[in-house]
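Trainee:
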Ligand SMILES: Cc1ncc(COP(=O)(O)O)c(C=O)c1O
Ligand SMILES: Cc1ncc(COP(=O)(O)O)c(C=O)c1O
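Chains as they are written, first to last, in our numbering: chain A, 1 to 255; chain B, 256 to 510; chain C, 511 to 909; chain D, 910 to 1308.
(1) Pop quiz: residue 44(A) and residue 87(A) are said to be a contact at Cβ under 8 Å. What is the actual Cβ separation, rounded to whole angstroms?
(2) Which residue marks the beginning of the alpha helix (DSSP H) containing residue 652(C), and which one marks its end?
(3) Touch check for the region 791 to 809 of chain C and the region 827 to 837 of chain C: three-plus C-beta pairs under 8 Å?
(4) Measure the alpha-carbon distance for residue 569(C) versus residue 624(C) and round it to whole angstroms.
(5) Buried or exposed: which applies to residue 513(C), given that a residue is buried once 16 or more other Cβ atoms fall within 10 Å of its Cβ?
(6) Return the residues of the region 532 to 564 of chain C that lie within a Cβ-Cβ distance of less than 8 Å from chain D, sorted by chain order.
(7) If you follow the beta strand (DSSP E) that residue 345(B) is in, where does it begin and where does it stop?
(8) What ranges does the alpha helix (DSSP H) occupy inside the region 732 to 815 of chain C, keeping only unbroken runs of at least 4 residues that lie completely in it?
(9) So residue 1113(D) contacts chain B; which residues on that side make the cut at Cβ distance below 9 Å?
(10) Would you mind sorting residue 1099(D) into buried or exposed? The rule is 16 or more other CB atoms within 10 Å of its CB.
(11) Would residue 1105(D) and residue 1148(D) qualify as a contact pair, given that the criterion is a beta-carbon distance under 8 Å?
(12) Counting only C-beta atoms, is residue 910(D) closer than 8 Å to chain C at any point?
(13) So, residue 217(A) versus residue 12(A), is the Cβ gap smaller than 8 Å?
(14) Would you report the Cα separation of residue 1138(D) and residue 892(C), rounded to the nearest angstrom?
(15) Are the beta-carbon atoms of residue 888(C) and residue 730(C) separated by less than 8 Å?
(16) Helix, strand or coil: which one does DSSP assign to residue 532(C)?
(17) Could you tell me if the beta carbon of residue 592(C) falls within a distance shorter than 7 Å of some heavy atom in ligand 1?
(18) Given residue 524(C), which residues of its chain have a CB within under 7 Å of its CB, disregarding the five upstream and five downstream residues?
(19) Are the C-beta atoms of residue 806(C) and some chain A residue less than 8 Å apart?
(20) Taking the straight line between their C-alpha atoms, what separation do you get for residue 297(B) and residue 406(B)?
(21) Distance cutoff 8 Å, beta carbons only. Does residue 1123(D) sit that close to anything in chain G?
(22) What did DSSP end up calling residue 668(C) once you bin it into helix, strand or coil?
(23) Residue 1261(D) versus chain C: which residues are under 7 Å apart at the beta carbon?
(24) With DSSP collapsed to three states, give me the class of residue 148(A).
(25) Buried or exposed for residue 780(C), going by 16 or more other Cβ atoms inside 10 Å?
(26) I'd like to know if the region 668 to 677 of chain C and the region 628 to 638 of chain C are in contact, where contact means that at least 3 CB-CB pairs between them fall below 8 Å.
(27) Under 8 Å, Cβ to Cβ, is there at least one residue of chain B near residue 1290(D)?
(28) Quick one: using the 10 Å Cβ neighbour count with 16 as the cut-off for buried, is residue 464(B) buried or exposed?
(29) From the DSSP output, in three-state form, read off residue 1275(D) for me.
(30) In angstroms with no decimal places, state the Cα-to-Cα distance between residue 100(A) and residue 725(C).
(31) Skipping 5 residues on each side, what residues in its chain have a beta carbon closer than 6 Å to that of residue 226(A)?
(32) For residue 1250(D), count neighbouring C-beta atoms within 10 Å of its own C-beta (all shown protein chains included) and say buried if the count is 16 or more, exposed if not.
(33) For residue 1237(D), count neighbouring C-beta atoms within 10 Å of its own C-beta (all shown protein chains included) and say buried if the count is 16 or more, exposed if not.
(34) Does residue 1040(D) pass the burial test, meaning 16 or more other C-beta atoms within 10 Å, or should it be called exposed?
(35) In chain C, which residues lie less than 8 Å from residue 975(D) when you measure between Cβ atoms?
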């Protein structure tokens, strides 16, 4: 399954889960429920000791997962067991670099992962990984932030494959009450040369719908889901995903 | 009674007592016994908070006396009650200065004190007190130390009245085992224009005798006596004074 | 590749295969603006004059180069000490914080944030925050706050707010993470004042340049006092700012440059903590805090905690330029263990009347261990003073 | 009077009716020898050069004169800070200890003794003892040893021996007594390194001269930076060495010289302890430690203990020259209470990024209280740094 498939039938709901928090079994079960509830794409996070782009919720999840023994080997084993919708890797570059970009790409491909998001790898540093992704037919998804200058935003959108990740606000991941005007601006100014998914701080069905209404082809929800998994509320997780999907469809442009 | 009287009938034994240690009654009793045992002159110490020329024994005695309430008024009252041999004041200049040299000299005279030893008052600083002493017919006794240059030693001996105090060694008061050669040298080089009494560190009859044998006209014993008073051993005090006097007479030059 | 990247200083931010900018997209623009500001101010006479005045009148530069006669006699050579211990605040840190704060002020920022481990850089930041009128917030791991109460009090006294970091290992590296996260959301008003020659471009180059006043002074002082260049320079390495600061002006000279890392308890690892702070000696290539460098990590790429008796050397990474210079052999990397550092601490105190920082004591401890490596004429960088370390040494020695 | 005394420097040792040498005969000769050595070395180019080198290369002179913009703005005038806090050891003390140790070394002495209260002068003596290779012993009251454990450790680290003083109040004044007693028996090999501009001749003059490098520098720095003399100079007073050091070169100028004493808890007395350390304000004429000066004493002449939140101002006497200058009105004496000093401490930290010694904070606290007394252009002598005082202030504020 290709990343692009997630966007083929209307606005895509992309759910982030932290692999191994609190254990692999739970992550797999959470993924099953999220898929059942209508998610279109899974971001499977590989926990890192130093997640500089993440807020407190995902930091804490990563710490729990590491403490429970999560590592790159186990990550790929577990990822291979999750099926039904496209999956992308989400994690920090040092974890990729230590394994070696070639081997890492090969492991992704072998476990059914079809794309990579590496939040601390701007295009300037991405060449080695980009080459490896090409060899293994993986998408390498770049991010655009509200403060990314226009020319650079366009270039990043062009380079990104699968989709382009629009960072909804400055700062780090984590749920936020209001959706900022700057996010709407960002959606408006990044050319739709490929699907644009908005993430960082989206936690409610209403926010998700606003993003779609503003033109986004996809919405990424992370901390809100990780939080519910952390609380052991998988039922609430399912409910949240269903609710988001429902509201997103409501406002989706008719095709 | 004049200070000079103490030296009129052979070598003089001069005993230092710390006034008010542990209380006035004891000092008066100690004085009585010392006089009975043959002492020729009493040095009555006025306790000071900062006795820079004194060693640990006299420091401790002064501290006890101050704590027990000794002050300059009480000092003179008590001094007036001690009779039988000549008495001199021994104390630090600030105590004299605070009372005023004039008043201090008057109080000495009124309480039967016939001389003053002020160990932190070298001749250069002594003029005001010297004038007052003259007015009240008091002796002002200066000190010569082993490191006093010869010319200065001669001048001091000349200025001193009553006797001249030869400091037997560098450092502070306090009992010492050996009597130094430098003390003998000092006795030899200070002209006998007036009685020369040796003090600082003399604690045994034998040492006292050695000083007399070396030519001293007097011997001063301080810490050894203060120590015995401090221990409440007035019998031993009497014994020590008697023993010293006896040995001194033995070696005294025949007149 | 991208066209913007060709004109961006990020492209020139490499030291061999080290350095670069491995950072979230949100930080790309703030870092470029910082790099641009820094590059233009570097040649701005008004800025340089203001910085020069602050360095001399406020911070106390030049610091002396002081001959260590008794130490030199013991080692059979001429030893000079570069006295960063005399700088205001007690260490070389202020050279960097003054420079960056002045840049931030020219960029129109009103707030400073910084990370701190032991508190030295936090204090140096609080000092410039007070002097130049910034709002100042210092990120500090909860564990470090507990260990370094005096420095927390000092920062607060200087008007800074200390923000406890409860994530990760709750120590220095997590404080850096947290400061970066803050900055990603606050860069419009805020400058992130990184404390050592590490991190993404332009920090390694900027901090090196701001600290190179140490080496520039040392170079002209040794020429004046000895009429020749030193055979060697010894400096301790935490992130590398004092070392790069004194080394930089000597890079094209024949002087042997010796970087002394924290050997700690040895080469091993206890749990998820390395027994040392020696990323050049025992680390491997990887990305930490935005730069490709040498780091202490596990085989999967999780960062280890580091360990050293000297809090300022307790960092699992190192500046990328030092990693490069070590790789090419231009800089020799050596170790001083905890015990050797404490020996250096005691030795310099008794022989020269100078209590060095425990960090700097690593350089002294190494010199005592391998005097033959120093040549005839050696400069040791005394990066800071040791008053802050008395408790630590007393405890280390079981007093 | 005596003939020898006419040719002796003791005769010129008066400052009006203050000063002199009220000392046991045993100390007369050692003090004369010291005075003679000092007088001849004062004009000895070799000595002056050696001292100059040590002051600059080892101690870090000149110390800056630093404009305090934010403090100045708050007070509506131009304020400069003379930065003795940047001197090696953290206070002006080293100017004196270096000078005396060098004199001692020229006199052929091999041992230094000194008194210390809080430990600052003890540390400064231990530093020069280490640097110049003396055997060093420091007398310190038992009470102070208990209160100042860190400084005891620091002195020992520097190779000095700390000797507990168990006599009297077991504090600073008794440590001076004890050092004088030691010296009376050891002067042949030993120099007594007195720590302030008090005591018998030649100490008040010698210490003033050694410290007057502060004022000489400040004078030429203010002329260079402002083109004119200051309207006022403010310095704190313990024994008077930093005050006399900065005042001396301005004595014949129209500059207002303000000496700030420790007001402590107020003008009263608690038991045998004064509630302050203000011998100029609340003391009376008398003899302490060999000099006629102003002292805190009871009506009979027993010396009181003093009290101040700043350990370095906790002394019941003061140097005789200051007593004289205060009497003639050339120096204005003012008070800063504990609370005002702590306010100065906090204020300078937050406004200028400089944590002053609590002693120096008295000068700052006074300036905050009576800015109209300072004129338009004022120099405050920051005699030391406040790192040593963090605990004290925390406790004072009940943290
Ligand atoms: C005195 C001192 N020296 C050295 C260091 C190490 O840092 P760097 O390697 O950046 O000089 C520190 C860090 O706190 C320090 O305080
Ligand atoms: C920093 C500082 N300032 C002032 C003083 C007071 O001494 P003085 O009056 O001799 O300068 C001391 C004494 O320890 C001190 O440490």
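Here a beta-carbon is modelled for each residue, glycine too, at the ideal position from N, C-alpha and C.
Note that this is a predicted model, so its numbers are computed, not measured.
Mentor: The short version:
(1) With 8 Å as the limit, residue 44(A) and residue 87(A) qualify as a contact, their Cβ atoms being about 6 Å apart.
(2) First-last of the alpha helix (DSSP H) with residue 652(C): 652 to 657.
(3) Contact between the region 791 to 809 of chain C and the region 827 to 837 of chain C is present: 3 or more CB-CB pairs across the two stretches fall below 8 Å.
(4) Straight-line Cα distance between these residues: approximately 19 Å.
(5) In this prediction, residue 513(C) scores a pLDDT of 36, lower than 50, which makes its location untrustworthy; the coordinate-derived value is nonetheless stated afterwards. The C-beta of residue 513(C) has fewer than 16 other C-beta atoms within 10 Å across all chains shown, which makes the residue exposed.
(6) Taking 8 Å as the Cβ-Cβ cut-off against chain D, none of the residues of the region 532 to 564 of chain C qualify.
(7) Where residue 345(B) is concerned, the enclosing beta strand (DSSP E) stretches over 342 to 345.
(8) For the region 732 to 815 of chain C, the full-length alpha helix (DSSP H) segments reaching 4 residues or more read 751 to 757 and 789 to 792 along the chain.
(9) Close partners of residue 1113(D) in chain B (Cβ separation under 9 Å) are lacking, with about 15 Å as the shortest Cβ gap.
(10) Residue 1099(D) should be labelled buried.
(11) Note that the C-beta distance between residue 1105(D) and residue 1148(D) is below 8 Å.
(12) At residue 910(D), the pLDDT of 36 sits below 50, so the modelled position is not reliable; the number obtained from the coordinates is stated separately. Output row for residue 910(D): interface = no.
(13) Contact: yes.
(14) If you draw a straight line from the Cα of residue 1138(D) to the Cα of residue 892(C), it comes to about 37 Å.
(15) Not in contact: residue 888(C) and residue 730(C) (Cβ atoms no closer than 8 Å).
(16) It is coil, neither helix nor strand.
(17) No - ligand 1 has no heavy atom lying nearer than 7 Å to the Cβ of residue 592(C).
(18) Contacts found: 530.
(19) No, residue 806(C) does not count as interfacial toward chain A.
(20) Residue 297(B) and residue 406(B): Cα-Cα distance of roughly 30 Å.
(21) You won't find chain G in this structure, because its protein chains are A, B, C and D.
(22) Note: residue 668(C) maps to coil in three-state DSSP.
(23) Using a Cβ-Cβ cut-off of 7 Å, residue 1261(D) is close to 640 and 641 of chain C, given in chain order.
(24) The answer is coil: DSSP assigns residue 148(A) none of H, G, I, E or B.
(25) Residue 780(C) is exposed by the Cβ-count criterion.
(26) They touch, by the three-pair rule.
(27) By this cut-off, residue 1290(D) is not an interface position.
(28) Residue 464(B) sits buried, since 16 or more C-beta atoms from the chains shown fall within 10 Å of its C-beta.
(29) Helix, per DSSP.
(30) If you take the alpha carbons of residue 100(A) and residue 725(C), they lie about 38 Å apart.
(31) Close CB contacts of residue 226(A) within its chain, under the 6 Å cut and outside five residues either way in sequence, are with 18, 57, 58 and 61 (chain order).
(32) Label assigned to residue 1250(D): buried.
(33) Counting Cβ neighbours within 10 Å, residue 1237(D) comes out exposed, since fewer than 16 surround it.
(34) By the 10 Å Cβ count, residue 1040(D) comes out buried.
(35) For residue 975(D), the residues of chain C that pass the 8 Å Cβ criterion are 567 and 568, in the order they occur in the chain.
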